[in-house]
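Inspection log for the structure reproduced underneath, given as structure tokens.
In the numbering used here, the protein residues as written are 3 to 228.
Rendered as structure tokens:
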């Protein structure tokens, strides 16, 4: 039997101090499901694709995203990919959201300068044949690369009040995907993903945000700009 992936975080806290994660323990299997299970999952995905506006692939390398499953998800025309490695396996997906180390691993060189970043964006578009590449860069913000040649850089909205980055990348992907489903442009969706992540990192542990929190944060940013 294949175990469900379980992640346990051990945290430490003392009086008058901020809670900090010390270590994470992952319980999982690295073995691939048997071929019948792969095909069964792929069939289930195809059966439901017509009922969803987008498909998000959060691939942590735990063996679920096998070739039959990837082929199934890519048959949807709005597939967003968040994978730690092997981006080219999702050749032709709509949007890819690697962080900086993942982007470096994919292109095979370090991204140490602005010129490196621009080169990496172009190389990732060529590697994946995606429509958009969004590289998340931590306190440096995000960089959005389009197949049309457009490059847009989005600054980090919160560089100081960061208590826990757990789930920040997932928050970016979730907010970005929802925004795209509602008709936002890629740039607008990336900005909203950035905004959502800037809120959840202020909280300890896996956190979420809400429309009201995002509206309040956006108003605060607009006041600063004025």
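Glycine included, every Cβ here is placed at the ideal spot set by N, Cα and C.
- In the structure shown, residue 146 falls within a strand segment according to DSSP collapsed to helix, strand and coil.
- Between the beta-carbon of residue 138 and that of residue 101 there is about 5 Å, and that keeps the pair under the 8 Å contact cut.
- Within the same chain, Cβ atoms closer than 7 Å to the Cβ of residue 33 are found at 65, the five residues on either side in sequence being excluded.
- Assigned with DSSP and collapsed to three states, residue 38 falls in helix.
- With 16 or more other CB atoms across the displayed protein chains lying within 10 angstroms of its CB, residue 44 is buried.
- Straight-line measurement puts the Cα of residue 186 at about 14 Å from the Cα of residue 134.
- DSSP lists no beta-bridge partner residue for residue 93.
- Distance from residue 223 to residue 159 at the Cβ level is roughly 6 Å; contact confirmed, criterion being Cβ atoms closer than 8 Å.
- In this structure the stretch 53 to 64 lies against the stretch 73 to 85, because at least three pairs of beta carbons, one per stretch, are closer than 8 Å.
- C-alpha of residue 40 to C-alpha of residue 70: approximately 6 Å in a straight line.
- Taking a C-beta distance under 8 Å as the contact criterion, residue 95 and residue 136 do not qualify as a contact pair.
- Taken in chain order, the unbroken stretches of beta strand (DSSP E) that lie wholly in the stretch 104 to 157 and span 3 residues or more are 134 to 138, 144 to 148, 153 to 156.
- For the options 149, 154, 150, the alpha carbon positioned closest to that of residue 143 is the one of 154.
- In the structure shown, residue 177 adopts helical secondary structure according to DSSP, grouped into three states.
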